[in-house]
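Below: one structure, written as structure tokens.
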Amino acid sequence: QKAMAAKSSYVNSLDAEAKRRYCEKLSSVGLSTTDDPYLPANVGKYANDMTTWPKIEYGNIFGYFITRPGVYTQEQLLSWKQMDAFNYFQAGHVRTVFSYRFGPGKKMVVLKAKVNPSQRSPNETLEAWIIAKEDGEIISTHCTCMAG
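The sequence shown runs 37 to 184 under the working numbering.
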């Protein structure tokens with residue numbers, strides 16, 4: 037009998053369709069639920085070290101949101117300083133960002149952070165992650181917020 041792979045409490049809280057999509061995000065870059073950024077057992081893999089971050093620039097972010105279906109229009113992204121997300125970042129809603137390099141040559145990076153929600157108590161936090169290539173190309177993103 038095959039042992040069931042460990043899953044984070046976040047993954048276990050998802051309905052079947054959301055769980056499938058989440059696991060697809062991980063597997064698209066060669067990760068499994070045992071590599072889940074939300075799994076407490078993986079905390080030791082992550083470093084608080086900006087030198088390990090990929091070189092993500094505005095163009096990488098713009099490209100990610102424009103080339104994938106989403107809620108932002110090209111006009112909104114071009115006026116990024118007026119967007120709430122930038123203001124929340126400036127106001128300290130993003131806490132410490134941790135990184136984990138993986139894959140052949142460690143050229144893929146997971147960046148994860150706890151974030152303060154915009155509409156609720158600052159004592160309540162959400163968790164977000166992105167997976168990017170070393171050159172800054174964003175491959176996938178996720179948040180424990182309702183929008184995922």
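Built from N, CA and C at the ideal position, the CB exists for glycine as well. Keep in mind it's a predicted model, so treat the numbers as computed, not measured.
Query	Result
At least 3 beta-carbon pairs within less than 8 angstroms: the region 166 to 178 vs the region 91 to 102	yes
Alpha carbon of residue 151 to alpha carbon of residue 73, nearest angstrom	14 angstroms
According to DSSP, residues forming a beta bridge with residue 136	146
Option nearest residue 130 by Cα separation, candidates 55, 52 and 148	148
Buried versus exposed call for residue 97 [16 or more other C-beta atoms within 10 Å across all chains shown]	buried
Run of the beta strand (DSSP E) containing residue 44, from where it starts to where it stops	First-last for residue 44: undefined, no H or E at that position.
Rounded separation between residue 61 and residue 125 - CA only	25 angstroms
Distance between residue 71 and residue 154 (C-alpha atoms, nearest Å)	28 angstroms
Contacts around residue 146, its chain only, beta-carbon distance under 6 angstroms, and the 5 residues preceding and following it disregarded	73, 136, 165 and 167
Pick from 163, 67, 133 and 159 that is closest to residue 84, judged by C-alpha positions	133
Per DSSP, the bridge partner or partners of residue 165	148 and 178
Straight-line gap, residue 88 to residue 100 (C-alpha atoms, nearest Å)	21 angstroms
Helix, strand or coil at residue 131 [DSSP, three-state]	strand
Alpha carbon of residue 50 to alpha carbon of residue 162, nearest angstrom	15 angstroms
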